[in-house]
Amino acid sequence: MFSLTPSIILYAVAIILYGLSGQGVAGISRYWEMYIVLVALISLGSGWGQAYLGNRSYLWYLTRQIIHWGALIALLYMLNTQGIRMLMNDQQYSLMLVYLLAFASLLAAVHVDFKLIFFGTFMTYCAYLLSVPQNNPVLVEIGKQLNIADAAAKPFTMTIIIAAAALVLTLVVRGLMRSSIASKRAG
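Quick note on numbering: my numbering labels position 88 of the sequence shown as 91, and the sequence is numbered without any gaps.
Structure below.
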């Protein structure tokens with residue numbers, strides 16, 4: 004159960020931050036910045052099995068992760084120190100942070116840890132919902148598929164459902180990877 008905790012934390016905190024961002028809570032961008040660091044740390048610790056399965060050097064894996072997440076954190080630092088952050092209000096900056104996190108997670112899924120594909124997709128979904136909060140066509144379509152009436156009026160509920168689905172898919176891939184690791188060690 005302890006090994007599931009990082010994935011559960013990722014999705015739970017994302018749901019909370021999404022909910023607070025949707026309500027326009029002042030200063031929420033600061034929490035998104037801290038969350039990006041948390042995602043980077045969890046990502047750093049979660050892809051070792053994939054490196055093992057691919058017969059890749061752990062040092063190479065660590066180097067790639069540090070470069071990847073370090074570049075994102077350096078970009079955020081530059082946005083804050085070069086005055087670009089001041090050109091946006093808190094909500095605009097938060098939305099940009101969510102999109103950057105979504106893109107970084109999808110990119111990390113491609114080159115270091117495939118499990119992040121579901122998290123990155125979920126973050127893209129959250130970013131899109133934050134940018135189009137009213138009459139969102141994605142919510143309408145998902146509501147049709149899941150037989151949920153008036154889904155566009157229930158963005159937070161739909162976000163919890165999508166997060167749960169993404170978490171389940173993440174855990175399935177994680178289970179498959181653990182099985183592959185066990186059979187590689189046995190073989």
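Backbone N, C-alpha and C define an ideal beta-carbon position, used for all residues, glycine too.
Assigned exposure category for residue i - 16 Cβ within 10 Å defines buried
i	result
methionine 4	Unreliable placement is indicated for methionine 4, whose pLDDT of 49 sits below 50; the coordinate value is still reported in the next sentence. Classification for methionine 4: exposed.
asparagine 58	exposed
glycine 50	buried
serine 6	exposed
tryptophan 63	exposed
glutamine 68	buried
threonine 173	buried
serine 60	exposed
valine 171	exposed
methionine 125	The amino acid occupying residue 125 in the given sequence is phenylalanine; methionine does not appear at that position. Buried is the call here.
proline 140	exposed
leucine 149	exposed
glycine 81	Per the sequence shown, the amino acid found at residue 81 is methionine instead of glycine. Exposed is the call here.
serine 182	exposed
methionine 37	exposed
Test item: CB-CB of residue i and residue j under 7 Å
i	j	result
tyrosine 102	serine 32	no
phenylalanine 121	alanine 169	yes
isoleucine 39	leucine 104	yes
leucine 133	leucine 79	no
leucine 100	tryptophan 35	yes
Integer Cβ distance of residue i from residue j, believed to fall under 8 Å
i	j	result
isoleucine 145	alanine 154	6 Å
leucine 119	alanine 130	Wrong, their Cβ atoms sit about 15 Å apart, outside the cutoff.
serine 108	glycine 123	3 Å
valine 16	leucine 44	Incorrect: roughly 12 Å between the Cβ atoms, too far for contact.
tyrosine 55	isoleucine 184	6 Å
proline 9	glycine 48	7 Å
glutamine 137	glycine 27	In fact, because the Cβ distance is near 14 Å, the residues do not count as touching under 8 Å.
*Does the stretch 169-186 come close enough to the stretch 22-31 to have 3 or more Cβ pairs within less than 8 Å?*
no
*Quick one: which unbroken beta strand (DSSP E) runs of 3-plus residues sit fully inside the stretch 55-115? Chain order, please.*
none
*Can you check the stretch 125-149 for any alpha helix (DSSP H) of at least 4 residues that lies completely inside it and give the ranges in chain order?*
140-148
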